[in-house]
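According to our numbering, the sequence shown holds residues 54 to 238 in order.
All residues carry an ideal CB built from backbone N, CA and C; glycine is no exception.
All of these numbers come straight from a predicted model, not from anything done at the bench.
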Amino acid sequence: MTEDIQRRRRTPFLEAAIEWIIYTSRWLMAPVYLGLIAALAILIITFFRELYLQAPLVLTMDETDIILLVLTLVDLSLAGNLVLIILFSGYENFVSKMEGAKDDPDRPEWMGTLDFSGLKIKLIASIVAISGIHLLKIFMNINQYEERDLLWYTIIHMTFIVSGVAVALMDWIVELAHKVNAKPD
């Protein structure tokens, strides 16, 4: 008899049932990931709407307006990338492995290897980049904003940066602690 079968025979029925329910409950997140695909479609529609509305005006735009348009498109692109990172790694980390994409030559290198710690770092880096682009767009039209609002936008952006550094530092400390504890005496 295999060890797994022996263990299951020793596990009380109620405990096994509860564990099975908890384990399979991860599939409740699958509709959320399907919803993220819809969110990605909304970002794509918004991207092309901006392009469609602004492209005819490009020849009459000044440099600032062109840069603002490009920043808007980059911002939407980064938001889409953020959704994809959450979609892929969230599904693979919490629901199921994507076996259908395992042998695909176009499969991103990080897919299947990004753990929760790596996901946090990628997420905060994307959020900081999106916030930075938003702040740059604001500063390009600085005259349209109150000084108090500019201060708050900057404080919020700096909060994202400090949070990112704190998350990276905590992950580094945990990794260092694992290495120290793993060393033989």
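Taking 8 Å as the cut-off, the beta carbon of F147 is found no closer than this to the beta carbon of M164. In the DSSP assignment, V136 falls within the unbroken alpha helix (DSSP H) covering E116 to F147.
In the DSSP assignment, G217 falls within the alpha helix (DSSP H) that extends over E200 to A235. Taking the Cα of H210 as reference, the smallest distance to any Cα among L135, I177, T166 and A230 is reached at I177. N194 carries a coil assignment under DSSP once its states are collapsed to helix, strand and coil. Annotation: W80 is outside any alpha helix (DSSP H) and is labelled neither H nor E by DSSP.
Residues of the same chain with a CB within less than 6 Å of the CB of V181, apart from the 5 flanking positions on each side, are F213, I214 and G217 in chain order. Taking all protein chains shown into account, D156 has fewer than 16 neighbouring C-beta atoms within 10 Å of its C-beta and is therefore exposed. Here A132 is buried, its C-beta having at least 16 other C-beta atoms within 10 Å.
The residue among Y144, G143, E103 and T113 with its C-alpha nearest the C-alpha of V127 is E103. Here the C-alpha atom of I191 lies approximately 37 Å from the C-alpha atom of A83. The C-alpha of T125 is placed about 17 Å away from the C-alpha of Y206.
In the three-state DSSP reduction, K175 falls in the helix class (H, G or I).
Taking C-beta separations shorter than 6 Å and ignoring five residues to either side along the sequence, the partners of S184 in its chain run H210 and F213, following chain order. Non-local beta-carbon contacts of L188 in its own chain, meaning distances under 8 Å to residues more than five positions away in sequence, involve Y206, T207 and H210 in chain order. L167 carries a coil assignment under DSSP once its states are collapsed to helix, strand and coil. Per the C-alpha coordinates, the member of R160, I74 and G171 positioned closest to I139 is G171.
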